[in-house]
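Chains as they are written, first to last, in the working numbering: chain A, 5 to 202; chain B, 9 to 61. Ideal Cβ positions, reconstructed from N, Cα and C, are used throughout, including at glycine. Nothing here was measured: the structure is a model prediction, and the numbers come from that model. Written below as structure tokens is the structure these notes are about.
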């Protein structure tokens, strides 16, 4: 994706000039090519991050992010603006990831078999935690991982998660409780095994 | 009602996503169930920095 054509997306003035996500989406629909670049610059990073945590593999995450933005572009006309743009996008990303995980199962490739993320020799505490988080998430089932990421990273409400994954609200509640308990358990095991390793 | 049912609702309770009637029922259970109190405490410690970043 071309970075060069964008004005500096980090500047507050730039963001103000475009307005909120719904306004940028409307500009896209009017056929302003810069508007789509603007959506990309706002959401490429969180999209990649969500896909990476879901899939455990950078290459697949890139593919899914690419595909998600193509879908966004194709179906922007169907975006009613009732939900936040981010909710709509994360729903597309999560479902693409779950679809990819399902097709992996058919191909008998277990999740997390991709290359391990490379750790710098002396990772900062933050980086080390992120690596452990990534490994813990990879050990969870895709269903539990999806609800946890939509809640914690996507900051979706339970209602939005239910709509995104086509689940009853009660299932979202119980799945999130299970997901958090599961995360905690694997996280503790992981830390214990690290302490046991000299 | 078993602890299992209540455990399923602990996350929603912590996130403020439980309807009032269910919340009241869960709180009544929490007052008398040390197991679920412990689960709640464990869960509330999970807003771990790595996941909330």
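Residue i: contacting residues in chain B (beta-carbon distance under 9 Å)
i, result
"residue 161 of chain A", "23 and 25"
Proximity test, Cβ basis, 9 Å: residue i and chain B
i, result
"residue 49 of chain A", "no"
"residue 35 of chain A", "no"
"residue 174 of chain A", "yes"
"residue 178 of chain A", "yes"
"residue 95 of chain A", "no"
"residue 149 of chain A", "no"
"residue 155 of chain A", "yes"
"residue 145 of chain A", "no"
Under 8 Å from the C-beta of residue i: neighbouring residues of chain A
i, result
"residue 51 of chain B", "181, 184, 185 and 188"
Neighbour flag for residue i against chain A, beta carbons, 9 Å
i, result
"residue 29 of chain B", "no"
"residue 36 of chain B", "no"
"residue 32 of chain B", "no"
Proximal residues to residue i (C-beta, below 6 Å), its chain only, five neighbours per side dropped
i, result
"residue 11 of chain B", "43 and 44"
"residue 34 of chain B", "14, 17 and 21"
"residue 166 of chain A", "173 and 176"
"residue 184 of chain A", "none"
"residue 22 of chain A", "28 and 42"
Residues that residue i contacts on chain A, provided the C-beta gap is smaller than 9 Å
i, result
"residue 48 of chain B", "Chain A residues near residue 48 of chain B: none, gap ~10 Å exceeds 9 Å."
8 Å CB neighbourhood of residue i in its chain, flanking five on each side removed
i, result
"residue 48 of chain B", "18, 21, 22 and 38"
"residue 26 of chain A", "85 and 89"
Nonlocal neighbours in the same chain, by C-beta distance under 7 Å from residue i, ignoring five residues either side
i, result
"residue 187 of chain A", "140, 144 and 152"
"residue 39 of chain A", "28, 31 and 32"
"residue 51 of chain A", "69, 72, 93 and 97"
Short-range partners of chain B found in the stretch 180–191 of chain A, where Cβ spacing is below 9 Å: Cβ contacts with chain B: 180, 181, 182, 183, 184, 185, 187, 188 and 191.
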